[in-house]
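If you read the sequences in order, they're chains A and B.
First residue of the first sequence? That's 1 in the numbering used here, and the numbers climb one at a time after it.
First residue of the second sequence? That's 1 in the numbering used here, and the numbers climb one at a time after it.
One structure below.
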Amino acid sequence: MSYFRSASPSRRDLLRSAAGAGMMGLSAPLASAIGPIRPGMKTKHVVLVIMAGGVRSRETFGSPKQIPNLVQLADEGVLFTRLRTANLGHFGASMSIVTGISEARGIRDNSRAPDPTLFEYVRKDLGLAASDVWVTTSGGAQQVNYAYGLHPDYGQKYGATTLDGDGIFNEEFKGIVAKLGTPRPLAGSDAERVSELRRVLRGGAPPSAAETSRARVERYILEELGRGVTGMTGAGAGDAKAIQLARNLLSVFRPRMIGVVLQQADIAHGSFNGYTEVIRRNDAAIGELVAAIRGDETLRDSTAVVVLPEFGRDADLNSRRGLDHGDGSDDLRFVHGVAWGPDFKRGKVVKDDRRTIDVMPTIADLFGADPRHAKGSVLREIYS
Amino acid sequence: MPTTHPTEFPPSLERPINDRWLRAVCIDLLGRPPVASEREAWLGRPLGSVLDQLWATDSTWKHWLDEQLYFFMLIDQFRPVGTSLDELPERLVKGSMTTGEALHRIALSTSFELRNPGADTFVTVVMEQFCGIEVQSSKRELEIGKAAYDGRTGVFLGSRAQSQSDVVEVAAGHKDAARFFVGREYERLTRTPMPKRDRARAGKRLHREPRAFPDLVKEWMGSEAYAERVARGAPMSNRTWVRAVYVDLGAPPPSDGTTEALRSALDGLGDPAPLRSTIARMLLDADGTRPPRGPELKDAGAWVADVFQRLLGRAPSADEASAFTRVAAESGDGPALVLYTLLSSPEYESS
C-alpha cells in the first residue's frame, strides 16, 4: 500500500493545488490581493533580517570589503551607524527588536514574550492571513518563539508562520523521509473521507482558518523537502538556509512580511575566523536574496529590506582568541543597520543615536499598523 | 467536539486509574503513552501504586533527564551523547544520586560549557536557570560570578567562589535553586504556575530531603491542579508527540536518534501541526506502524471504539462511532484514514 506516499509534488503542483484545487481547504489564493501597504506608498513587501548571534560594526561596515552586498544596500538606502542595543542575551535582544520593547529575557528562556510582536500587529491590523507573514530562523527551538507573544489581544491566531532552516531540514530528518518515503497530498475520495471525519470530529463545525493555513504550509514543506536547501553544510549553513528559505517563500507565497532571524555569528566565542566567515556568508546570502528581489518583476519596486544585528560583541578578544559579549563597551552596545526600499531615501547616513527597538515601530508604520504597546519610535527620517 | 473530560473531584491516589488518567500520567512521566503491556498491567490499579512503579523504572528518570536537558537547551548539536550523563537515570532510580546532584552534573558537562561559551553567557545562564535570578537586576552578582569564572576569588550568591566549577556548585546548592526547581517542575507537570507559598514549602522540603522529588510529584499528581490538567488535556511537546505516534500505532517507542531527528524538525516550526500531519502519514505507510486493512477488521465498530479510547482517552460519540466505523469498514485504506484523522486532530495533540 502506498496511497500516502509519492515523490514530492512539483512547484507547479503546489501552485495549482494551493490556488485552485478544492481538497483540504486549499481553495484560497496563495496570498491576499497585493496592493500598496499604505496609500501613497510603493512598498508592498518587507524583509527584516536580524543578524542575531552578536555582530560588531568593526566586522561589518568597519570592514566594508567583507560585506559588499550590505554596503551596496546602504549606498542605495539608509545607513544607521549608531543603533543602541540592550545586552539582554541573544534571545531577549532579538525579541526586543520584534516587540519594540527592551525587556529582560533569560538567555535559554524557551518561552514567548508577554508583548505582541511586529508580526501580530501587522496581521491583526491589516487582516492578513498566516501565509502573508513568515519568520525563518536558524537558531532551533528557542527562535520559533518570535512568531507571536502571549498578549491576550494578539497571540497565536495572529502569529507568523515560522520555519527553522536547520531544524526542519536537518540531515537526520531528511534521512528518515528518504527511508519512509515522502507522502503525497491526499486526493480524491480519500481526501473527501478524511474531510468528512474531521467535520464529525469538530461536531459539524466548518474548518477554521488555521486548519486551512496548515494544509497550505504542509504542501510547502513537501515542496521544500525536495529542494537543495536541505543539503547546505559548513560554517553558517543554518543562517544561509534561513535566508534561502526566505527567498523561496518570497517567490512562492509573495508574503507581505518575512522576518529572518540568524544566529550563527555566535561561533565568535571560540573562533574569530569562523565568525568572520559567517558574516561573509550571510552577506553573500543576503546579496542573493536581494538579487532575487531585483530579478522579480512584481517584487523589484515594491520590496523593502531592513538588516541589523541584535547587538555587537566585546571590544577585545577573550583568552580563546574569540569574542564574547558582556563588557558593556560601545562595540557591544552600538551596531550599524541598513534600510533599503522604494519608499526610503538613497545614500542617507544617520549618525545620531537611534535604537534597535525603533525598527519595529518603523516597519509597522510602513504597513499602517499601530504597535500600541511598543516603546520604540518611528524613524521618520528614512522616508524619501 | 469534546474538549474537556469529566473527572472526579477530589482526586485521590487510591482511585483506580482509567485510560485518560493513565495516558496523561505516562505522557508526563515517561514522555509517551503506555505500551500495550503497561496498559494491561496498570488500567484499574490505584493511581498511587502506578506512580510508585513508574518512579522505580529507568525510563521515567530517563525522560526526566531528557526534560532537564531540553530546559537547558542541550539539544541538537549540544545534546550530550555517550557521556557520563548517560548513567544518571540508573543512579537516580537506585537513589545513589539526587535530582539536585544530577542538575549539578549537567552544568559541569562539556555540552553545557559548549552551549554557554564565555564568562558572561555561562554565569548568566547558571544564575537564571538554577536560581531563577533576573541578571539584569543583579549585575553585581553577575560581575562577581564572571570574575570567579575567570579564576578570581569573590563571594558569589553568598558563598566563596574562585573557579567555573565553584560558580556551578554555589548556584546548584543555593537555597533558591530547590525552590526554583520545584516551581518549574510543578508547572511542567500540571501546566499551571505553582502558588508561591506551596513553592516555598516544597523548595524547603527538597532542600532538607534531597531525595523527596518523587514524593512531591506523587503529591502533585494527586492534587486538584493535576486532575484539572487531565480533564483539560495538555498539548504534547514535539518529543512526546513523536513517541506517542509510534506507540499509538502499535510500534515500540522509537530510538533516541529517530526521536531527536523528528523532534528537531518539528521544533523548527512555530506551529508543528503541518509537519506532524506529514509524519503521521509517512508512518501509516511504513513497516511496523502500518495499520490493518479494512477487510482484516473482524469488528470495525469495536476497533474504532478501542482506537478512540487509546488515542483520545474517551469513547466516540454516536455520530463519531457511526462515521468512523463506516469509513474503517468500507475500504482497505479505511483504518489508515481513521487513524490519520485522529492523529492529526487538535484533540489528539492535547492528551
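Built from N, CA and C at the ideal position, the CB exists for glycine as well.
task = Using three-state DSSP, classify residue 306/B as helix, strand or coil.
result = Position 306 of the second sequence holds residue 306/B. Helix.
request  = Specify whether the stretch 72-91 of chain B and the stretch 149-164 of chain B touch according to this definition: at least 3 beta carbon pairs, one from each stretch, less than 8 Å apart.
outcome  = no
task = Say whether the stretch 254-264 of chain B touches the stretch 287-307 of chain B, bearing in mind that this needs 3 or more beta-carbon pairs closer than 8 Å, one atom from each stretch.
result = no
Where residue 317/A sits in the DSSP three-state scheme = By one-based count along the first sequence, residue 317/A stands at place 317. It is coil, neither helix nor strand.
query = What separation, rounded to the nearest whole angstrom, lies between the Cα atoms of residue 141/A and residue 113/B?
reply = For the purposes of this step, residue 141/A is identified with residue 141 of the first sequence, where counting begins at 1. For the purposes of this step, residue 113/B is identified with residue 113 of the second sequence, where counting begins at 1. Residue 141/A and residue 113/B: Cα-Cα distance of roughly 19 Å.
query = Apart from the five residues on each side of it in sequence, which residues of its chain come closer than 6 Å, Cβ to Cβ, to residue 123/A?
reply = For the purposes of this step, residue 123/A is taken as residue 123 along the first sequence, with counting starting at 1. Cβ within range, chain order: 133, 158.
ask   = Just to confirm, are residue 356/B and residue 146/B a CB contact at a threshold of 8 Å?
value = As shown, chain B starts at 1 and ends at 351. That puts residue 356/B outside it, with no answer to give.
task = Give every residue of the same chain whose Cβ lies closer than 7 Å to the Cβ of residue 190/B, excluding the five residues on either side of it in the sequence, and list them in chain order.
result = As a working mapping, residue 190/B is identified with position 190 in the second sequence. If we look at residue 190/B and ignore the five residues flanking it on each side, its Cβ neighbours are 220, 225, 226, 229.
inquiry  = Quick check on residue 208/A: does DSSP put it in helix, strand or coil?
reply    = In the first sequence, residue 208/A corresponds to position 208, counting from 1. Looking at residue 208/A - three-state DSSP - the assignment turns out to be coil, as it is neither helix nor strand.
request  = Check the C-beta distance from residue 135/A over to residue 259/A and give it rounded, since I have them as a contact under 8 Å.
outcome  = Translated into positions along the first sequence, residue 135/A becomes position 135. Translated into positions along the first sequence, residue 259/A becomes position 259. Contact flag correct, Cβ pair sits at about 4 Å.
ask   = Taking the C-alpha atoms as reference points, what is the distance between residue 430/A and residue 58/A?
value = Chain A is shown only over 1 to 384; residue 430/A falls outside these bounds and no answer can be derived.
query = How about residue 351/B and residue 23/B: are their beta carbons less than 8 Å apart?
reply = As a first step, residue 351/B is located in the second sequence; it is residue number 351 there, counting from the start. As a first step, residue 23/B is located in the second sequence; it is residue number 23 there, counting from the start. Yes, they are a contact pair.
request  = Counting only runs of 3+ residues fully inside the stretch 49-99 of chain A, write out the beta strand (DSSP E) ranges in chain order.
outcome  = 78-84
message = Restricting to Cα atoms, I'd like to know which of 256/A, 274/A, 108/A, 377/A is closest to residue 125/A.
response = Here residue 125/A is taken as the residue at index 125 of the first sequence, counted from 1. Of the listed residues, the one whose Cα sits closest to residue 125/A is 256/A.
ask   = In chain order, which alpha helix (DSSP H) runs of at least 4 residues are fully inside the stretch 262-342 of chain A?
value = 272-294, 330-333
message = I'd like to know if residue 72/A contacts chain B, where contact means its C-beta is closer than 8 Å to some C-beta of that chain.
response = Start at 1 with the first residue of the first sequence, and residue 72/A comes out as number 72. By this cut-off, residue 72/A is not an interface position.
query = Who are residue 383/A's beta bridge partners in DSSP?
reply = Taking the first residue of the first sequence as position 1, residue 383/A is located at position 383. Answer is 344/A.
ask   = Between the stretch 272-288 of chain B and the stretch 59-71 of chain B, do at least 3 Cβ pairs fall closer than 8 Å?
value = no
inquiry  = Counting only C-beta atoms, is residue 100/A closer than 8 Å to chain B at any point?
reply    = In the first sequence, the residue the question calls residue 100/A occupies position 100. Not closer than 8 Å to any Cβ of chain B, the Cβ of residue 100/A fails to qualify, so no.
Euclidean distance between Cα positions of residue 321/B and residue 336/B = Residue mapping note: residue 321/B aligns to position 321 of the second sequence, counting from 1. Residue mapping note: residue 336/B aligns to position 336 of the second sequence, counting from 1. Spanning the two alpha carbons is a distance of roughly 16 Å.
query = How is the alpha helix (DSSP H) around residue 129/A delimited, first residue to last?
reply = In the first sequence, counting from the first residue as 1, residue 129/A sits at position 129. That residue, residue 129/A, is in no alpha helix (DSSP H); it is neither H nor E in DSSP.
inquiry  = Can you look up residue 79/B in the DSSP assignment and give me helix, strand or coil?
reply    = Taking the second sequence and counting its residues from 1, one reaches residue 79/B at position 79. Residue state, collapsed to three classes: coil.
query = Which same chain residues, not among the five before or five after residue 168/B, have their C-beta less than 7 Å away from its C-beta?
reply = As a position in the second sequence, residue 168/B is number 168, starting the count at 1. Excluding sequence neighbours, residue 168/B sits near 104, 107, 108, 126.
query = How big is the Cα-Cα spacing for residue 346/A and residue 79/A?
reply = Taking the first residue of the first sequence as position 1, residue 346/A is located at position 346. Taking the first residue of the first sequence as position 1, residue 79/A is located at position 79. Their backbone Cα atoms lie some 9 Å apart in a straight line.
Contact under 8 Å by Cβ, residue 368/A with residue 38/A = Position 368 of the first sequence holds residue 368/A. Position 38 of the first sequence holds residue 38/A. Cβ atoms of residue 368/A and residue 38/A: closer than 8 Å.
query = Beta carbon of residue 270/A, beta carbon of residue 320/A: below 8 Å?
reply = Mapped onto the first sequence, residue 270/A falls at position 270. Mapped onto the first sequence, residue 320/A falls at position 320. For residue 270/A and residue 320/A, yes; Cβs fall inside 8 Å.
message = I need the DSSP call for residue 29/A, collapsed to helix, strand or coil.
response = Against the first sequence, residue 29/A aligns to sequence position 29. Because residue 29/A sits at a pLDDT of 36, beneath the cut-off of 50, its placement in the model cannot be relied upon, and the point is left open.
Nearest-angstrom Cα separation, counted from residue 284/A out to residue 49/A = For the purposes of this step, residue 49/A is taken as residue 49 along the first sequence, with counting starting at 1. For the purposes of this step, residue 284/A is taken as residue 284 along the first sequence, with counting starting at 1. Cα to Cα, residue 49/A sits roughly 13 Å from residue 284/A.
query = By Cβ distance, which residues of its chain are closer than 7 Å to residue 353/A, with the 5 residues on each side in sequence left out?
reply = Here residue 353/A refers to the residue found at position 353 of the first sequence. Here the set comprises 82, 84.
task = Indicate whether residue 308/A and residue 268/A have their beta-carbon atoms separated by less than 8 Å.
result = Here the question's residue 308/A lines up with position 308 in the first sequence. Here the question's residue 268/A lines up with position 268 in the first sequence. Result no, Cβ atoms of residue 308/A and residue 268/A do not sit closer than 8 Å.
message = At the level of alpha carbons, what is the spacing between residue 281/A and residue 240/A?
response = What you label residue 281/A is simply residue 281 of the first sequence in a count that begins at 1. What you label residue 240/A is simply residue 240 of the first sequence in a count that begins at 1. Approximately 7 Å between the Cα atoms of the pair.
task = Determine, using beta carbons only, whether residue 324/B comes closer than 8 Å to chain A.
result = In the second sequence, the residue the question calls residue 324/B occupies position 324. Closer than 8 Å to some Cβ of chain A, the Cβ of residue 324/B qualifies, so yes.
Helix, strand or coil at residue 19/A according to DSSP, with G and I counted as helix = Counting from one through the first sequence, the residue named residue 19/A turns up at place 19. The predicted position of residue 19/A is uncertain, since its pLDDT is 33 and thus under 50; a value taken from the coordinates is nonetheless stated next. Residue state, collapsed to three classes: helix.
Within chain B, the residues that residue 164/A reaches when beta carbons sit closer than 8 Å = Counting from one through the first sequence, the residue named residue 164/A turns up at place 164. Chain B residues near residue 164/A: 267, 268, 269.
task = Can you grab the Cα-Cα spacing for the pair residue 28/B / residue 187/B, in whole Å?
result = Walking along the second sequence from the start, residue 28/B turns up at place 28. Walking along the second sequence from the start, residue 187/B turns up at place 187. Taking the straight line from one Cα to the other gives about 11 Å.
request  = Determine the DSSP secondary structure at residue 47/B, reduced to helix, strand or coil.
outcome  = Reading the second sequence from its first residue, position 47 is the one you call residue 47/B. If DSSP states are grouped into helix, strand and coil, residue 47/B belongs with the helices.
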